[in-house]
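Trainee: Chains as they are written, first to last, in my numbering: chain A, 5 to 500; chain B, 5 to 500.
Protein chains: 2
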Amino acid sequence: MLKDFEAKKHESNDVLNTEIKELQAKLLSQQQLLMQEKIPVIVMIEGWAAAGKGTLIKELISELDPRFYHVVSPKIIPESAERYPFLCQYVQAIPVKGKVTFYDSGWMENVVRKYLNHEITKDDYRNRIREVNEFERQLRDGGYMILKIFLHISKRKQYERLYKLAEDPKTEWRVDRDDLMQHKEYKRFMEAYDDFIEKTGGKIGWHILDGSHNKTAVRDALKLIVQKVDVAVQDGRYEGAIFEEEFPLKEMPKLSEVDLSVSIPDDEYKKELKRLQTRLSELHNIIYRKKIPIILCYEGWDAAGKGGNIRRVTYALDPRGFDVQPIASPLPHELNRHYLWRFWTKLPKTGHICIFDRTWYGRVMVERLEGFCTEKEWKRAYNEINEFERMLTDWGAVVLKFWIHIDKDTQLERFNNRENTPEKQWKITEEDWRNREKWDSYEVAVDELLQKTSTKNAPWYIIESNDKQYARIKTLKIIVKALEKACEKHFKQMME
Amino acid sequence: MLKDFEAKKHESNDVLNTEIKELQAKLLSQQQLLMQEKIPVIVMIEGWAAAGKGTLIKELISELDPRFYHVVSPKIIPESAERYPFLCQYVQAIPVKGKVTFYDSGWMENVVRKYLNHEITKDDYRNRIREVNEFERQLRDGGYMILKIFLHISKRKQYERLYKLAEDPKTEWRVDRDDLMQHKEYKRFMEAYDDFIEKTGGKIGWHILDGSHNKTAVRDALKLIVQKVDVAVQDGRYEGAIFEEEFPLKEMPKLSEVDLSVSIPDDEYKKELKRLQTRLSELHNIIYRKKIPIILCYEGWDAAGKGGNIRRVTYALDPRGFDVQPIASPLPHELNRHYLWRFWTKLPKTGHICIFDRTWYGRVMVERLEGFCTEKEWKRAYNEINEFERMLTDWGAVVLKFWIHIDKDTQLERFNNRENTPEKQWKITEEDWRNREKWDSYEVAVDELLQKTSTKNAPWYIIESNDKQYARIKTLKIIVKALEKACEKHFKQMME
C-alpha cells in the first residue's frame, strides 16, 4: 500500500550503475529465451505524474533489440477509443509470443482518473475493476507473463519535480492540468490508487517501487523483470488453471430435443419479412443515434442457412452502420496472440452493428474437436467467454447468439444439391464432408456450450432452419424484440 | 462532366427489377471467379448528399456473400485520422485479393469538401489530386480493379429528397449542416466536383450515374461492375505498366567508391554522442509540440550495425514519442494486399518519430533478387516509392534514409565473432551466410536504388560503419541537422 510505503536509503550511483549494467546484459540474453519459449511479456508501469515512468522505460529498453519490444503510451486517449470497451485500446497492443509490451501507464491510470473525475459511476468503477482482474487472469492463463509496477513518489518530491519542469521553458508544456490536479488532490489520489492496488492484487500482484531516485527505480525494476523472466523461462509457458464462475443461465434444450418440423407458409413469410425488415430499419436508426452497440453471433451446422439468414438481416440495415465479420481459421499474427484478441479488435463501435459469421465459440467446437488447443484451454474457455460477453453487455452492447439448426438428413440433401448445382459448387468443400462425419462429436460440443454459455445477458437462441424461411423470421423477430428492449432500457436510464 | 449531364427516360420498374435480379445473380457467380483469379476490387460510390449512395450500396451487396465484401463509410473522419496522411484511412481499408471494398464516398468527397471549406489551400488541393492519381495508378498496377461512380442528382431533386428526410421526425437527424451547405452552394460544389472528375479521369475514369431514380442507378451500377469484372476475369490479374517520372535527385556515389577507412577516436565519440543525444532530445520535444512527423529508414548489410545505431538514436528519445518498426518478411495478410499497405499502416502520427528497421526498399532488394516479385513489379517500384515518399514529405514529414555500409571483410569478421560468442549466436543465421554469398548482386541492386530514389525531399545517406562509433555520430548529426531545419521551416511557414 502506498500509504505505508517507506523509502529505503539509496546506494551510491557507482554501485547502482554496475548493477544496472549487469541486469541490462542479463535481460538482453533473456530475450532469446523468451523467443524460444514463446512467452509474451507485459510490463505495466503505472505511477504518479513526474514519478519518472518515461525515464524508467527508456532505461529498461536501452539495451534491448527494438524488434523485441514495443512501448505503448495510452495516456492521451483518443476520442475514437471512447467508443469501444475501455480495455480495447490496451488489448490491441498486447504482444505476440516471445515479445514484450511496455505500457507507460495503462488501465489503472485510466480507471482511477475517470473515477475521480466523476466520468464513471461507482458501479462502473466496480465493473472495471472486475474486468481488469478477469482480463489479467485470462492473459496469465493464456501464457502471458505480467509484471505490474507502481512508481511512487511523495507529495513533496512530486512538487519539486513538477516545479523543475514548469520552471524550464523547454519543458513547461509537459506539466498539464491533470498533473496539477493530481498534485492538489494527492491524498485523494493516493487513497484511490491504494484501493485499486488492493482490489487488483490477486495472483499477479503489484510492485511498488521508489521513484524518488531514478537509478534505484531502474535497478529495482530490472531486477524484478529479470527474476520473473528467469522463473517464467524455467517453468515454460504457463498452462493456466480452470476457473469457473457461476453465471445466471437461461435453460437450454438439447439439440436432439428440438422440434425441426416447424415451418411458415410462403405468403406469411413474405408479409412478415417485409414488416420485420421495415421495423429493424427504423430501430437501426434509433440505436445509431442512441449509440447502442449490437453484436449478433451466428453459429450453426454447415449448410444450415447462416449466409441467407444474415443477408435478410443486413438487407434491413444501412450499410454505413454495420459490418459482417466472417471468421475463418486464425492467421499467423492472430495465432500468436491470445485467442480472443482477434475478436476484441473486431468489435463494433457504439451505435454500430457487428455480425459475426462464426465466432469465438470456435474455441469450444472446432479447436476442441480438432485438438487445436489443449483440454485445459477449451475447458477454461466457457468461463472466459462468459466473462468476455459480460464485459460487452456491461459496456451497453446487445449480444444475441444464434445456433442455426438443421438435422443430418437436411444437411445431406443440401450438400448434394450444392454438388449438383454448378453455381453452388463453391459452397461445398471436402472439409464440409469431413465435418459431417464428426456430426456426433460436434453435437456433444454444441450441447455443452449451449448449456454453459447461454447467460441471461447474452443468451443463445436455437433457430430451427430445416425451413429456412421460418428460421429467418424467427431470427428477425428476436433481433427486433431485443433492440426494442434495449431502446426502452436506454430511455429508462436517461430518466433516472 | 456533371454540368452537361442529361438524365434519360427511366424504364418501367418491372423491366428494371428483372434486369437487377439477373445482374445480381451474375455478380454472385463472379464472386468465385474473382477469388480464383485473386483480383481485389474497389468500388467507390461518390455523389451528392441524398443522391442515394447508401441505398445503392445496399442493393449492390444484397445478394453477395458477406465474407466477400466490406463497406467503408469514411464520411465522418475521426479526429485521429487527421494526424495521418489523408489517404491513410482509405488505404487501410483496401481489400485483400479476391474481395471487394465498397467505399461509401471516399477521397473525392474528402478533398473537395476540405477545399471548399478552406481547410486546405489551393496547393494542398493540387497535391492531393496528384496523390490520388498516383495512388489509383499504383493500385491498378498492383492488380486492383477500380470502379469509380458518381451518383448525380439535380439541385431540385436534392431539395425534394432533403425535404422529405427533414420532414420526417425519424429521419430528420440525417440531414446535417454539411448537406444543407452543399445544397445552398450546389453550383459551387458542381464546379468543384467537375474539376475533380476532370483531373482524376485518367485510365480508370469516372462513371456518372443518374441518381434521381434509385432502380435505374442500381441497374446501371450493377451493369458497370459486372462488365468490368468480366473483362478483369478474362484478362487475368493486370500486370501493370512501368511508369517513370523524373524526380529531382541528389547525386550518389557508388558503394564501391565509398571510403570506409573513416573513424573517430574514443574520447571524441563519447563527447559527441552526449552532445548530439542531448540536442536530439531537445529537438524531440520541439517536433512533438510542432506536430512534425519524422520517418527514419534504416537499410544496410547484415552485421553493419543497424541495431546499435538505432539504439543510440532512441536512447535520446522519449519512449512515448517514438516507435521502432522492425520489418521482416510479409505475413499472409500483408502479402494479400498492395506491397506498400503494411508501411502505410505503420506510419507515425504527426509529432511522432517512426524508425523503420528495414523498409519498403525490400521490394527492390530481397524481393527483386529472390524473385518474390516480377521484374515489372520491382522496376516499377522505384517510381512508386518516390511517389510514396513525396506524399510523406508533402504531408510535412521529415524522411531520412540511411544505408549502413561496411565492406565484405568486416562483415566476415563480425559474422565469425557472432558465431564464436555465445550471447551473440542468435544474431547470426544460415540466411545471413546465404545472403553474404549474394553480396555482388545485392551491391548492384543497392547501387541502383541509391541512384534512383535519393530524392531531394527524401535523400539517402551512406553511413560508413566499419567503425560503428563513427557511423553513429554521423547518423545522429544528420538527424539533428534535419530536425533543426524542419523546425526552422515550420517557424517560417507560420510567419508567412
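We treat Cβ as the ideally placed atom computed from N, Cα and C, and that holds for glycine.
Taking the continuous alpha helix (DSSP H) assigned at B:Met185, which residues delimit it?
Mentor: Position 181 of the second sequence holds residue 185 of chain B. Taken as a continuous stretch (DSSP letters only), the alpha helix (DSSP H) holding B:Met185 covers 181-188.
Trainee: Counting only the same chain and skipping the five closest in sequence on each side, list residues whose C-beta sits under 7 Å from that of B:Asp322.
Mentor: The sequence position of residue 322 of chain B within the second sequence is 318, counting from 1. These residues qualify, in order along the chain: His288.
Trainee: Kindly give me the distance between the Cβ atoms of A:Arg144 and A:Lys207, rounded to whole angstroms, as I take these residues to be in contact under 8 Å.
Mentor: Residue 144 of chain A sits at position 140 when you count from the first residue of the first sequence. Residue 207 of chain A sits at position 203 when you count from the first residue of the first sequence. Correct: roughly 7 Å between the Cβ atoms.
Trainee: In terms of residues, what are the limits of the beta strand (DSSP E) holding A:Pro297?
Mentor: Locating residue 297 of chain A in the first sequence gives position 293, counting from the first residue. No beta strand (DSSP E) contains A:Pro297, which DSSP labels as neither H nor E.
Trainee: Rounded to whole angstroms, what's the CA-CA distance from B:Asp69 to A:Gly311? Just pull it up for me.
Mentor: The residue labelled residue 69 of chain B in the question sits at position 65 within the second sequence. The residue labelled residue 311 of chain A in the question sits at position 307 within the first sequence. Going by the C-alpha atoms only, they are around 7 Å apart.
Trainee: Along the chain, where does the beta strand (DSSP E) containing B:Val403 start, and where does it finish?
Mentor: For the purposes of this step, residue 403 of chain B is identified with residue 399 of the second sequence, where counting begins at 1. Taken as a continuous stretch (DSSP letters only), the beta strand (DSSP E) holding B:Val403 covers 402-409.
Trainee: Give a yes or no on whether the minimum CB-CB distance between A:Arg293 and chain B is below 9 Å.
Mentor: Within the first sequence, residue 293 of chain A is the residue found at index 289, counting from 1. So, interface residue.
Trainee: Could you pull out every unbroken alpha helix (DSSP H) segment of at least 4 residues lying fully inside the region 33-107 of chain B, listed in chain order?
Mentor: DSSP runs (the alpha helix (DSSP H)) wholly in the region 33-107 of chain B: 57-65, 92-96.
Trainee: Using DSSP with H/G/I as helix, E/B as strand and the rest coil, what is B:Ile229?
Mentor: Here residue 229 of chain B corresponds to residue number 225 of the second sequence, with the count starting at 1. If DSSP states are grouped into helix, strand and coil, B:Ile229 belongs with the helices.
Trainee: By alpha-carbon positions, which one of A:His409, A:Glu255, A:His494, A:Ala85 ends up nearest to A:Pro463?
Mentor: Position 459 of the first sequence holds residue 463 of chain A. Nearest option by C-alpha distance: A:Glu255.
Trainee: If we cut at 9 Å on Cβ distances, does A:Thr318 have a partner in chain B?
Mentor: Here residue 318 of chain A refers to the residue found at position 314 of the first sequence. Output row for A:Thr318: interface = yes.
Trainee: Assign A:Trp210 to one of three DSSP states: helix, strand, or coil.
Mentor: To locate residue 210 of chain A, count along the first sequence from 1; it is residue 206. Of the three classes helix, strand and coil, the one that applies to A:Trp210 here is strand, per DSSP.
Trainee: Where does B:Tyr167 land, buried or exposed, given buried means 16+ other C-beta within 10 angstroms?
Mentor: Position 163 of the second sequence, counted from the first residue, corresponds to residue 167 of chain B. It is exposed - the Cβ of B:Tyr167 has fewer than 16 other Cβ atoms within 10 Å.
Trainee: Measuring CA to CA, which of B:Lys227, B:Pro352, B:Ser158 is closest to B:Lys30?
Mentor: Here residue 30 of chain B corresponds to residue number 26 of the second sequence, with the count starting at 1. It is B:Lys227 whose Cα lies nearest to the Cα of B:Lys30.
Trainee: For A:Asp471 and A:Ser333, which I take to be in contact (beta-carbon distance under 8 Å), what is that distance rounded to the nearest angstrom?
Mentor: As a first step, residue 471 of chain A is located in the first sequence; it is residue number 467 there, counting from the start. As a first step, residue 333 of chain A is located in the first sequence; it is residue number 329 there, counting from the start. Not confirmed; about 31 Å, so no contact.
Trainee: Compile a chain-ordered list of the residues in the region 321-341 of chain A whose CB is closer than 7 Å to at least one CB of chain B.
Mentor: Residues passing the 7 Å Cβ filter: Asp322, Pro323, Arg324, Val328, Pro330, Leu335, Pro336, His337.
Trainee: If we cut at 9 Å on Cβ distances, does A:Ser265 have a partner in chain B?
Mentor: Taking the first sequence and counting its residues from 1, one reaches residue 265 of chain A at position 261. False, the Cβ-Cβ gap to chain B never drops below 9 Å.
Trainee: Please list the residues of the region 153-184 of chain B that have a C-beta atom closer than 9 Å to any C-beta atom in chain A, keeping them in chain order.
Mentor: Result list: Lys174, Thr175, Trp177, Arg178.
Trainee: So what's B:Leu284 in DSSP terms, helix, strand or just coil?
Mentor: In the second sequence, the residue the question calls residue 284 of chain B occupies position 280. B:Leu284: helix per DSSP, three-state reduction.
Trainee: Is B:Leu151 close to chain A? Criterion is C-beta to C-beta, closer than 9 Å.
Mentor: In the second sequence, counting from the first residue as 1, residue 151 of chain B sits at position 147. B:Leu151 does not count as touching chain A.
Trainee: At least one CB of chain A closer than 9 Å to the CB of B:Lys62: is that the case?
Mentor: The count along the second sequence starts at 1 and reaches residue 62 of chain B at position 58. Closer than 9 Å: yes.
Trainee: Which stretch, first to last residue, makes up the alpha helix (DSSP H) that contains B:Trp345?
Mentor: The residue given as residue 345 of chain B occupies position 341 in the second sequence. Note, B:Trp345: alpha helix (DSSP H), 345-348.
Trainee: Return no unless some Cβ of chain B is closer than 9 Å to the Cβ of A:Met39.
Mentor: For this step, residue 39 of chain A is matched to residue 35 along the first sequence. At least one chain B Cβ lies under 9 Å of A:Met39.
Trainee: Please classify A:His337: does DSSP put it in a helix, a strand, or coil?
Mentor: Taking the first sequence and counting its residues from 1, one reaches residue 337 of chain A at position 333. Of the three classes helix, strand and coil, the one that applies to A:His337 here is helix, per DSSP.
Trainee: Please determine, among B:Ile389, B:Ile246, B:Asp214, B:Met498, the residue with the shortest C-alpha to C-alpha distance to B:Cys301.
Mentor: Indexing the second sequence from 1 puts residue 301 of chain B at position 297. Nearest of B:Ile389, B:Ile246, B:Asp214, B:Met498 to B:Cys301, Cα basis: B:Ile389.
Trainee: Going by DSSP in three states, B:Asp471 sits in which element: helix, strand or coil?
Mentor: Stepping through the second sequence from its first residue, residue 471 of chain B is reached at position 467. Looking at B:Asp471 - three-state DSSP - the assignment turns out to be coil, as it is neither helix nor strand.
Trainee: Tell me whether the beta-carbon of A:Phe360 lies closer than 9 Å to the beta-carbon of A:Lys353.
Mentor: Translated into the one-based positions of the first sequence, residue 360 of chain A becomes position 356. Translated into the one-based positions of the first sequence, residue 353 of chain A becomes position 349. Taking 9 Å as the Cβ cut-off, A:Phe360 and A:Lys353 do not qualify as a contacting pair.
Trainee: Does the beta-carbon distance from B:Arg223 to B:Glu23 come in below 9 Å?
Mentor: Taking the second sequence and counting its residues from 1, the one referred to as residue 223 of chain B is at position 219. Taking the second sequence and counting its residues from 1, the one referred to as residue 23 of chain B is at position 19. Yes, they are a contact pair.
Trainee: Would you call B:Arg367 buried or exposed, if buried means 16 or more other Cβ atoms sit within 10 Å of its Cβ?
Mentor: For the purposes of this step, residue 367 of chain B is identified with residue 363 of the second sequence, where counting begins at 1. Answer is buried; the Cβ neighbour count reaches 16.
Trainee: Comparing alpha-carbon positions, which option in A:Val403, A:Phe251, A:Asn420, A:Ser445 lies nearest A:Thr433?
Mentor: Locating residue 433 of chain A in the first sequence gives position 429, where the first residue counts as 1. Closest option to A:Thr433, Cα to Cα, is A:Asn420.
Trainee: Relative to the C-alpha of A:Cys92, which candidate in A:Leu344, A:Trp305, A:Lys232, A:Met498 has its C-alpha closest?
Mentor: Taking the first sequence and counting its residues from 1, one reaches residue 92 of chain A at position 88. Measuring from the Cα of A:Cys92, the nearest candidate turns out to be A:Leu344.
Trainee: Give the straight-line distance between the Cα atoms of A:Gln35 and A:Val230, rounded to the nearest whole angstrom.
Mentor: As a first step, residue 35 of chain A must be located in the first sequence, where it is residue number 31. As a first step, residue 230 of chain A must be located in the first sequence, where it is residue number 226. Near 10 Å, if we compare the C-alpha coordinates of A:Val230 and A:Gln35.
Trainee: Would the beta-carbon of A:Glu243 fall within 9 Å of that of A:Gly147?
Mentor: Indexing the first sequence from 1 puts residue 243 of chain A at position 239. Indexing the first sequence from 1 puts residue 147 of chain A at position 143. Yes, Cβ-Cβ distance for A:Glu243 and A:Gly147 is below 9 Å.
Trainee: CB A:Ile408 to CB A:Glu303, shorter than 9 Å?
Mentor: To locate residue 408 of chain A, count along the first sequence from 1; it is residue 404. To locate residue 303 of chain A, count along the first sequence from 1; it is residue 299. Yes, the Cβ-Cβ distance between A:Ile408 and A:Glu303 is below 9 Å.
Trainee: Mind checking who A:Tyr386 pairs with in its DSSP beta bridge?
Mentor: Looking up residue 386 of chain A in the first sequence gives position 382. Bridge partners of A:Tyr386: none, in fact.
Trainee: Hey, is B:His409's beta-carbon within less than 9 Å of any beta-carbon in chain A?
Mentor: If you number the second sequence from 1, residue 409 of chain B lands on position 405. So no, B:His409 is outside the interface.
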